[in-house]
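Here's the structure we're looking at; comments come further down.
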Amino acid sequence: MYSVKIVADSSSDMLTFDGVDFASVPLKIITTEREYVDDAALDVEGMIQDLSEYKGKSSTACPSPADWLAAFGDAERVFCIAITSSLSGSCNAAEIARQDYEALHPNRRVVVIDSLSAGPELRLIAEKIAEMVTAGCEFEEICEKIEEYRQHTGLVFMLESLKNLANNGRVSPLVAKAAGLLGLRLVGKASEQGTLEPLEKCRGERKALATIRRILQELGVRGGKIHICHAGNLPAAQALKSLLEEVWKETDIRISECRGLCSFYAEKGGMLIGFEKNCG
Ligand code: X90
Numbered sequence: 254m255y256s257v258k259i260v261a262d263s264s265s266d267m268l269t270f271d272g273v274d275f276a277s278v279p280l281k282i283i284t285t286e287r288e289y290v291d292d293a294a295l296d297v298e299g300m301i302q303d304l305s306e307y308k309g310k311s312s313t314a315c316p317s318p319a320d321w322l323a324a325f326g327d328a329e330r331v332f333c334i335a336i337t338s339s340l341s342g343s344c345n346a347a348e349i350a351r352q353d354y355e356a357l358h359p360n361r362r363v364v365v366i367d368s369l370s371a372g373p374e375l376r377l378i379a380e381k382i383a384e385m386v387t388a389g390c391e392f393e394e395i396c397e398k399i400e401e402y403r404q405h406t407g408l409v410f411m412l413e414s415l416k417n418l419a420n421n422g423r424v425s426p427l428v429a430k431a432a433g434l435l436g437l438r439l440v441g442k443a444s445e446q447g448t449l450e451p452l453e454k455c456r457g458e459r460k461a462l463a464t465i466r467r468i469l470q471e472l473g474v475r476g477g478k479i480h481i482c483h484a485g486n487l488p489a490a491q492a493l494k495s496l497l498e499e500v501w502k503e504t505d506i507r508i509s510e511c512r513g514l515c516s517f518y519a520e521k522g523g524m525l526i527g528f529e530k531n532c533g
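All the letters of the sequence shown, read from the start, carry residue numbers 254 to 533 under this note's numbering.
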């Protein structure tokens, strides 16, 4: 048996993972005053508090190839899961790390998975890989099946502000215009290209949550796993969970908190929902 490791960047909001060797590679949130490393030691609430008082420029940086490489450790088979390559250089850095690692260790294999997404969809991918590793599947087989699985996962988001996304050029000016409207929430999805695709503007959270449920149905959710990841908005996450359970009684709905990178971009109150679709 080979030693296997799953390595995801910190946009996955995962710090630990049960059952399989795992590492998170942190992105960074940068202001002129300091740098926040999105690892287990980061005080996310403290960072959000700092940023709310901070008036200057803020940006983010993806991991370097060396960061990814260090996280591979000495695993013989590595699964890298990266935030969408349409919005970050993380995937590209992982690809360089893969080439270096395989050149250095010809018997080892790395696969880089461009999630075309962020947050909880990465977690779904990691969980599926872990499931197959535990079942004793071969590396190549897992790579194939993960490609397939990704046709059956998606991401929907609810954002109250797109300020940081807009200031950092991660949404088009057109989409950015939808931001900043007080009391409006933008509900959208990760597009096929791994960009933000706005779907609807909702006045008030209750409407937004009902809209999310309808959109999930339209996108082909029929139960299956749903991960809700929130940025300081547990009440909304719980309300959404109840709303979804009205339709999908037995389904596996979990709630977790955004770490640094997703908190920065989803901003206070934001929510990311990773889901399985068109299966079962
Ligand atoms: O490389 C870097 O500096 C990181 C840039 C990341 C930019 C986007 C992060 C988005 C986080 C926001 C809502 C959901 C987005 C859907 C993505 C397809 C979460």
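Backbone N, C-alpha and C define an ideal beta-carbon position, used for all residues, glycine too.
Nearest to A347 by alpha-carbon distance, out of Y518, P426, A484, F325, is F325.
Each residue's CA atom was taken as its position, placing S414 and R466 some 21 Å apart. In this model, N421 and L340 are separated by some 10 Å (Cα to Cα). F275 sits in a strand when the DSSP states are folded into three classes. Pairing L487 with E510 gives a Cβ-Cβ distance under 9 Å. Exclusion of C333 from the 8 Å shell around ligand 1 follows from its C-beta lying no nearer than that to any non-hydrogen atom of the ligand. Taking the Cβ of N421 as the reference point, at least one heavy atom of ligand 1 falls within a distance shorter than 8 Å. A distance below 9 Å separates the beta carbons of F517 and N417. According to DSSP, residue pairing for E529 in a beta bridge involves T406. Distance between H405 and E286, taken at the CA atoms: about 42 Å. Annotation for I481: the continuous beta strand (DSSP E) segment containing it runs 478 to 483.
For L469, DSSP records no beta bridge to any residue. Contact annotation: the region 525 to 533 touches the region 471 to 491, with at least three C-beta pairs closer than 8 Å.
Of M254, G457, V257, V331, the smallest CA-CA separation from E355 is found for V331. Note that the C-beta distance between I259 and I336 is not below 9 Å. Apart from the 5 residues on each side of it in sequence, L514 sits with its Cβ closer than 6 Å to the Cβ of S263, S264, L280, D291 in its chain, given in chain order.
Using a Cβ distance threshold of 9 Å, V363 and R376 do not count as a contacting pair. The residues E450, in chain order, have a CB closer than 7 Å to that of S444 in the same chain once the five nearest residues on each side in sequence are set aside. Set against 8 Å, the gap from the CB of F528 to the closest heavy atom of ligand 1 is not smaller. Around H480, the same chain offers P373, R376, R507, G527 as residues with beta carbons nearer than 6 Å, after the five sequence neighbours per side are excluded.
For S425, the shortest separation between its Cβ and any heavy atom of ligand 1 does not lie below 8 Å. Beta-bridge analysis with DSSP links V290 to K281.
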